[in-house]
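Residue numbers (our numbering): 2 to 216.
Quick notes on the structure that follows.
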């Protein structure tokens with residue numbers, strides 16, 4: 002990521018060329034005392050406030066970006082989370098031995114997958130837009146999926162993705178279920194909703210080749 006120190010109408014700004022929503026944008030960091038002034042300036046330029054939910058959940062899920070303590074958990078390793086890298090530093094670091102051992106496995110017990118709800122209309126005809134963490138079921142047995150070491154599957158994150166027009170969920174699925182196109186169920190307030198695996202690993206539904214941030 003690129004950083005720049007800039008001045009905007011006398012306001013000192015540290016601009017970060019990074020994006021948690023997959024767009025070619027900037028984060029603007031200022032001292033607290035300048036916050037309202039910068040907000041007013043950006044608003045004057047025609048920017049539309051959309052709220053932190055867009056940044057923290059809905060748009061990041063369109064990109065399959067993980068969130069610490071939601072999708073990234075100590076119960077799952079980096080390979081399961083889709084964050085493995087082609088090379089490893091030569092220098093030693095905390096957790097290196099465990100990571101190398103996990104990389105050597107032929108497969109992992111579970112994989113973090115991106116899923117979409119294929120029908121969000123409930124039994125009363127109401128469109129539902131789930132948030133939170135909800136169990137993921139086998140459609141043949143209506144039982145919660147459990148991987149080979151006893152971990153139960155659930156939506157670690159879920160929100161509506163406005164750019165793709167779908168409810169998107171991330172969740173760890175047992176290896177046998179972690180395949181693109183697999184049909185499953187999401188249990189939301191005791192009612193099952195159909196979901197489909199769109200990607201295994203870290204691949205977004207929006208701009209999957211990650212071209213926009215490079216533009």
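Glycine included, C-beta positions come from ideal geometry on N, C-alpha and C.
Since residue 137 and residue 68 should fall inside the 8 Å C-beta cutoff, what is the C-beta to C-beta distance between them, to a whole number of angstroms?
Working through the chain shown from its first residue, we reach residue 137 at position 136. Working through the chain shown from its first residue, we reach residue 68 at position 67. So it is not a contact: roughly 18 Å between Cβ atoms.
Here's the rule I'm using: 16 or more other beta-carbon atoms within 10 Å means buried, otherwise exposed. How should residue 64 be labelled?
Here residue 64 refers to the residue found at position 63 when the chain shown is read from its first residue. Looking at its Cβ environment, which holds 16 or more other Cβ atoms inside 10 Å, residue 64 is buried.
For residue 7, count the other beta carbons within 10 Å of its own beta carbon; 16 or more makes it buried, fewer makes it exposed. Which is it?
Residue mapping note: residue 7 aligns to position 6 of the chain shown, counting from 1. Burial call: exposed.
In chain order, what are the residue ranges of uninterrupted alpha helix (DSSP H) at least 4 long that sit wholly in the region 108-183?
none
Please list, in chain order, all residues of the same chain as residue 214 whose beta carbon is under 6 Å from its beta carbon, the five residues on each side excluded.
Indexing the chain shown from 1 puts residue 214 at position 213. Closer than 6 Å at the Cβ level, and outside the excluded window around residue 214, lie 20 and 25.
Can residue 14 and residue 29 be called in contact, C-beta distance under 7 Å?
Your numbering for residue 14 matches position 13 in the chain shown. Your numbering for residue 29 matches position 28 in the chain shown. Contact flag set, yes.
Check for me: the beta strand (DSSP E) holding residue 28 runs from which residue to which?
The sequence position of residue 28 within the chain shown is 27, counting from 1. Residues 28-30.
If I'm right that residue 114 touches residue 179 with Cβ under 8 Å, what's the distance once you round it to whole angstroms?
Walking along the chain shown from the start, residue 114 turns up at place 113. Walking along the chain shown from the start, residue 179 turns up at place 178. Residue 114 to residue 179, Cβ: 5 Å. Contact.
Under a three-way DSSP split, which group does residue 62 fall into?
On the chain shown, residue 62 is found 61 positions in, with the first residue counted as 1. Helix.
Hey, residue 130 and residue 154 are a contact pair by Cβ (cut 8 Å); roughly how many whole angstroms apart?
In the chain shown, the residue the question calls residue 130 occupies position 129. In the chain shown, the residue the question calls residue 154 occupies position 153. Contact doesn't hold; Cβ gap of about 21 Å is too wide.
In this structure, does DSSP put residue 45 in helix, strand or coil?
Within the chain shown, numbered from 1, the residue matching residue 45 stands at position 44. Helix at residue 45.
Let me make sure I understand the geometry here. Which of 139, 39 and 60 has the alpha-carbon closest to that of residue 193?
The residue given as residue 193 occupies position 192 in the chain shown. The shortest Cα separation from residue 193 among 139, 39 and 60 belongs to 139.
Using the C-alpha atoms, what's the distance from residue 45 back to residue 148?
Indexing the chain shown from 1 puts residue 148 at position 147. Indexing the chain shown from 1 puts residue 45 at position 44. Whole-angstrom Cα-Cα distance: 52 Å.
To the nearest angstrom, how far is the alpha carbon of residue 82 from that of residue 124?
Looking up residue 82 in the chain shown gives position 81. Looking up residue 124 in the chain shown gives position 123. Cα to Cα, residue 82 sits roughly 34 Å from residue 124.
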